[in-house]
Amino acid sequence: MRLANSDTLPGIRTLLRRHSLPTSPSVKTMEPPPVVDAGRYMFNPTLKWDPHVEAYFSRAYGADHFSRISSALTRPSCYSSIRVNTLKTSTEDVKKKLIKYLHETNFAKEDSTSCITQNPALENVLYIWGTGPHEISYDRQPDEPIKEIIVSRKCAEAVLRGAQIYVPGVMACSSHVEEGDKVAVSVATEKPTDTGGWAIGITRGTVLHGIPSDVQYEDRHGLYIGEGIALMSRAGIFRAKEGVAIEMTNRVYRLPSFNDVLEGEIFLQNLPSIITARVLDPQPGEKILDMCAAPGGKTTAIALLMKDQGEIIALDRSHNKVMNIKKLADEMEIKCIKAYKLDALKSVSLSISDQNEVILEEQSVRVDEECYDLTNVRKDEKGRYLSNAETRKRMRQMRNGPGKNNSKGGKVVNSKGFAPNSFDRVLLDGPCSALGLRPRLFAAEETIDSLRRHGTYQKRMFDRAVQLVRPGGVIVYSTCTINPGENEALVRYALDTYKFLSLASQNPKIGGPGVVGSYKFDETHTEEWLTESEAELVQRFDPVSGTDTIGFFIAKFIVGSKSSS
Ligand SMILES: C[S@@+](CC[C@H](N)C(=O)[O-])C[C@H]1O[C@@H](n2cnc3c(N)ncnc32)[C@H](O)[C@@H]1O
1 MRLANSDTLP GIRTLLRRHS LPTSPSVKTM EPPPVVDAGR YMFNPTLKWD PHVEAYFSRA
61 YGADHFSRIS SALTRPSCYS SIRVNTLKTS TEDVKKKLIK YLHETNFAKE DSTSCITQNP
121 ALENVLYIWG TGPHEISYDR QPDEPIKEII VSRKCAEAVL RGAQIYVPGV MACSSHVEEG
181 DKVAVSVATE KPTDTGGWAI GITRGTVLHG IPSDVQYEDR HGLYIGEGIA LMSRAGIFRA
241 KEGVAIEMTN RVYRLPSFND VLEGEIFLQN LPSIITARVL DPQPGEKILD MCAAPGGKTT
301 AIALLMKDQG EIIALDRSHN KVMNIKKLAD EMEIKCIKAY KLDALKSVSL SISDQNEVIL
361 EEQSVRVDEE CYDLTNVRKD EKGRYLSNAE TRKRMRQMRN GPGKNNSKGG KVVNSKGFAP
421 NSFDRVLLDG PCSALGLRPR LFAAEETIDS LRRHGTYQKR MFDRAVQLVR PGGVIVYSTC
481 TINPGENEAL VRYALDTYKF LSLASQNPKI GGPGVVGSYK FDETHTEEWL TESEAELVQR
541 FDPVSGTDTI GFFIAKFIVG SKSSS
């Protein structure tokens with residue numbers, strides 16, 4: 001078992017440490033809640049795991065450290081990182097505009113300058129510092145029940161990142177809530193059922209009475225995420241199909257929201273993703289493959305590092321997601337990105353005549369829905385939550401495209417694949433269990449079997465990456481999960497299967513070493529991780545470490561002569 005070591009990027013640790021102190025001007029004086037059972041209002045959720053997954057992760061990280069990881073995952077990072085599009089503007093200019101924006105939106109009325117910092121080692125990256133966790137006084141008199149609402153888990157996770165509460169996210173509400181009322185907000189999380197599954201045990205529209213006999217009264221302990229003002233009555237909330245139901249006025253975590261802010265000039269991107277593009281180290285003029293590219297965060301970061309010179313082939317198997325890559329590249333005025341719809345598993349073209357040939361996509365393709373990130377599908381372009389029927393319609397459109405006569409803003413082109421050895425560098429940032437994403441309030445949906453399926457899928461993708469990169473080229477593999485089965489075990493597979501691959505050192509290196517050792521699932525199956533020296537070459541971002549990032553993993557491979565295998 002290995003723990004993350006200290007960061008080596010100059011300045012970032014100092015910055016993080018400085019800003020994690022509750023001395024920022026935007027921190028309000030914390031007043032203890034005037035209620036007897038104050039503890040129940042402290043945000044202190046427990047992340048639930050499948051017991052076998054918990055045992056497996058405890059073996060990898062040590063039980064104590066895994067318990068700290070589990071707790072860190074329930075909180076958002078205390079800062080947002082923003083990558084500046086230096087093809088269009090300068091970091092200094094964006095900084096000035098953001099200071100003005102934060103001031104105008106009251107995020108940091110008194111001193112918006114000190115909540116933005118720039119790391120000298122990452123010249124186009126700005127950190128915007130939030131605060132929390134805050135204790136919130138819910139203004140309740142001892143003899144008066146507070147008015148309150150319970151929101152869905154996905155809604156609460158978005159609220160913890162700075163969003164408002166939209167109508168579909170509200171699950172339950174006190175009986176007499178009227179427009180303008182102040183309400184305490186808590187989250188419904190899953191509990192074990194008698195049949196061995198998990199359920200939130202609450203139906204939409206439930207009336208809350210705020211008394212101990214109330215539905216889920218005890219379950220709300222530690223799950224309050226703040227308070228807000230109702231913009232609709234209780235009846236209105238459950239009648240309306242869309243719109244903001246509650247405007248948050250006080251949050252346990254205060255982070256700025258950057259929806260539609262400085263479009264094309266900035267991209268909100270977590271620090272490990274920014275680092276991934278830099279580890280790939282793309283050079284102007286090279287030919288790069290981004291195998292699973294949507295929404296294009298890393299693709300555009302790579303384009304900036306190449307100064308928009310060369311060619312980046314950005315693939316995704318979802319029609320709408322390819323549209324999103326094209327839209328982002330257009331907004332950022334990047335020319336070197338060519339985005340195609342293609343299943344990366346079919347990205348190696350065996351027929352010489354097909355090489356690099358493209359055709360217009362007109363028919364639908366089948367894909368596995370389990371790999372979709374539903375978070376964004378459930379919201380419309382303005383971030384409003386959609387009904388289930390509308391969500392299903394959009395899912396169908398994502399898979400199949402909008403249809404020949406219904407295509408908005410350009411066509412998506414389908415690639416037939418690429419010849420072996422076509423690319424100087426390949427990035428594989430494929431679908432994963434996403435168990436490093438924060439904040440997360442439930443994790444038990446992943447079982448040992450589902451984690452293994454992710455690992456199998458990633459190995460098949462990696463095989464394609466190996467075929468497509470040229471001898472002497474580079475492959476970077478990354479995930480946003482803490483699962484060693486998708487990280488260290490993939491690296492083990494890669495090194496054991498392809499003897500011409502070797503691990504390369506990474507720059508910048510902020511994360512810690514990988515996990516060493518192995519895990520015996522049963523008599524027939526042992527999962528092998530890394531040796532000490534291999535572990536030093538990969539980069540694992542630990543949510544508990546001082547850098548306060550999401551859980552993330554990066555491995556960089558140098559490709560030797562392929563005939564040597
Ligand atoms: C983790 S996300 C990629 C994020 C992206 N690299 C970025 O930084 O913005 C994984 C992506 O893989 C895509 N995907 C899943 N299976 C795929 C496949 N077989 N071929 C191509 N893309 C796939 C999903 O649609 C999703 O957009």
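In terms of the UniProt record's numbering, the sequence shown is residues 1 to 565. Idealized CB from N, CA, C, for every residue including glycine.
Same chain only: Cβ atoms within 6 Å of GLN444, ignoring 5 sequence neighbours per side = As a first step, residue 444 must be located in the sequence shown, where it is residue number 444. Residue identity check: residue 444 is Ala in the sequence provided, not Gln. Only LYS48, TRP49, ASP50 and TRP198 meet the Cβ criterion.
beta-carbon LYS321 near ligand 1 non-hydrogen atom, thresh 7 Å | What you label residue 321 is simply residue 321 of the sequence shown in a count that begins at 1. LYS321 Cβ: within cutoff of ligand 1.
Looking at C-beta atoms only, is the number of pairs between the segment 319 to 336 and the segment 292 to 305 that lie closer than 8 Å three or more?
-> Three or more Cβ pairs closer than 8 Å define a contact, and the segment 319 to 336 meets that threshold against the segment 292 to 305.
With distances taken between CB atoms, is the gap from ASP424 to LYS287 smaller than 8 Å?
-> Taking the first residue of the sequence shown as 1, we reach residue 424 at position 424. Taking the first residue of the sequence shown as 1, we reach residue 287 at position 287. Against a cut-off of 8 Å, the Cβ pair of LYS287 and ASP424 comes out as a contact.
Helix, strand or coil at THR249 according to DSSP, with G and I counted as helix | Looking up residue 249 in the sequence shown gives position 249. Note: THR249 maps to strand in three-state DSSP.
For LEU530, which residues from the same chain have a beta carbon less than 6 Å from its beta carbon, with the 5 sequence-adjacent residues on both sides left out?
-> By one-based count along the sequence shown, residue 530 stands at place 530. Excluding positions up to five away in sequence, the list reads GLU488, GLY514 and VAL516.
Beta-carbon proximity list for ILE550, same chain, < 8 Å, skipping 5 on both sides = Position 550 of the sequence shown, counted from the start, is the residue given in the question as residue 550. These residues qualify, in order along the chain: SER77, ASN270, PRO272, GLY436, LEU437, ARG438, CYS480, PHE541 and PRO543.
Below 8 Å between beta carbons: does that hold for ARG317 and ASP343?
-> Along the sequence shown, one-based indexing puts residue 317 at 317. Along the sequence shown, one-based indexing puts residue 343 at 343. Cβ distance < 8 Å, so ARG317 and ASP343 count as in contact.
Could you give the DSSP three-state label for ARG234: helix, strand or coil?
-> Counted from its first residue, the sequence shown places residue 234 at position 234. In this structure, ARG234 counts as helix in the three-state DSSP scheme.
Taking all protein chains shown into account, decide if THR113 is buried (16 or more other Cβ within 10 angstroms of its Cβ) or exposed.
-> What you label residue 113 is simply residue 113 of the sequence shown in a count that begins at 1. THR113 should be labelled exposed.
Exposure label - ASP429; buried when at least 16 CB within 10 Å | Working through the sequence shown from its first residue, we reach residue 429 at position 429. So ASP429 ends up on the buried side.
Using a Cβ-Cβ distance under 8 Å, would TRP529 count as near chain D?
-> This model lacks chain D altogether, as it is built from one protein chain only.
Hey, is residue 566 close to ligand 1, as in C-beta under 7 Å from one of its heavy atoms?
-> Within the shown structure, residues of the chain are numbered from 1 to 565, placing residue 566 beyond reach of any answer.
TYR477 lies in the beta strand (DSSP E); which residues open and close that run?
-> If you number the sequence shown from 1, residue 477 lands on position 477. Where TYR477 is concerned, the enclosing beta strand (DSSP E) stretches over 469 to 479.
Can you say whether HIS52 is buried or exposed, counting buried as having 16 or more other CB atoms within 10 angstroms of its CB?
-> Stepping through the sequence shown from its first residue, residue 52 is reached at position 52. When all chains shown are included, HIS52 counts as exposed.
Sufficient close CB pairs (3 or more, under 8 Å) joining the segment 82 to 89 to the segment 447 to 457 = The segment 82 to 89, when compared against the segment 447 to 457, does not touch it at the 8 Å Cβ threshold.
Beta carbon of LEU223 nearer than 8 Å to that of VAL177 | For the purposes of this step, residue 223 is identified with residue 223 of the sequence shown, where counting begins at 1. For the purposes of this step, residue 177 is identified with residue 177 of the sequence shown, where counting begins at 1. In this structure, VAL177 does not lie closer than 8 Å to LEU223 by Cβ.
Of the choices ARG278, PRO45, SER58 and ASP260, whose alpha-carbon is the least far from that of TYR477?
-> Position 477 of the sequence shown holds residue 477. The shortest C-alpha separation from TYR477 is found at ARG278.
Got a list of residues with beta-carbon closer than 6 Å to any non-hydrogen atom of ligand 1, in chain order?
-> With the cut-off at 6 Å, the residues found are SER273, CYS292, ALA293, ALA294, PRO295, GLY296, GLY297, LYS298, LEU315, ASP316, ARG317, SER318, LYS321, ASP343, ALA344, LEU345, CYS371, ASP429, GLY430 and PRO431.
How many angstroms separate the CA atom of TYR166 from the CA atom of MET248?
-> Along the sequence shown, one-based indexing puts residue 166 at 166. Along the sequence shown, one-based indexing puts residue 248 at 248. Approximately 11 Å between the Cα atoms of the pair.
To which residues does DSSP link CYS173 through a beta bridge?
-> For the purposes of this step, residue 173 is identified with residue 173 of the sequence shown, where counting begins at 1. ILE149 and VAL207, per the DSSP bridge assignment.
How should VAL474 be labelled, buried or exposed, when 16 other C-beta atoms within 10 angstroms of its C-beta is the threshold for buried?
-> Stepping through the sequence shown from its first residue, residue 474 is reached at position 474. Buried, because 16 or more other Cβ atoms sit within 10 Å of the Cβ of VAL474.
Neighbour-count burial assignment, PHE267, 16 or more Cβ in a 10 Å radius = For the purposes of this step, residue 267 is taken as residue 267 along the sequence shown, with counting starting at 1. Classification for PHE267: buried.
SER415 and LEU328: beta carbons closer than 8 Å?
-> For the purposes of this step, residue 415 is identified with residue 415 of the sequence shown, where counting begins at 1. For the purposes of this step, residue 328 is identified with residue 328 of the sequence shown, where counting begins at 1. By the CB criterion at 8 Å, SER415 and LEU328 fall outside the cutoff.
Using the beta-carbon count (16 or more within 10 Å), is ARG440 buried or exposed?
-> Sequence index remark: in the sequence shown, residue 440 carries index 440 (1-based). The residue is buried, with at least 16 neighbouring Cβ atoms inside 10 Å.
Whose CA, out of GLY228, THR524, PHE107 and ASN259, lies closest to the CA of ALA156?
-> For this step, residue 156 is matched to residue 156 along the sequence shown. Proximity to ALA156 across GLY228, THR524, PHE107 and ASN259 peaks at GLY228, based on C-alpha coordinates.
Taking three-plus beta-carbon pairs below 8 Å as touching, is the segment 63 to 79 in contact with the segment 462 to 472?
-> Because the criterion of three Cβ pairs below 8 Å is not met, the segment 63 to 79 and the segment 462 to 472 do not touch.
Buried versus exposed, by CB contacts within 10 Å (16 or more), LEU350 | Against the sequence shown, residue 350 aligns to sequence position 350. Exposed, since its Cβ has fewer than 16 Cβ neighbours within 10 Å.
Should PRO45 be labelled buried (16 or more other beta-carbon atoms within 10 Å of its own) or exposed?
-> Along the sequence shown, read from residue 1 onward, the residue named residue 45 stands at position 45. Counting Cβ neighbours within 10 Å, PRO45 comes out buried, since at least 16 surround it.
Do ILE274 and ALA301 have their CB atoms nearer than 8 Å?
-> Here residue 274 refers to the residue found at position 274 of the sequence shown. Here residue 301 refers to the residue found at position 301 of the sequence shown. Yes, these two residues count as a Cβ contact at 8 Å.
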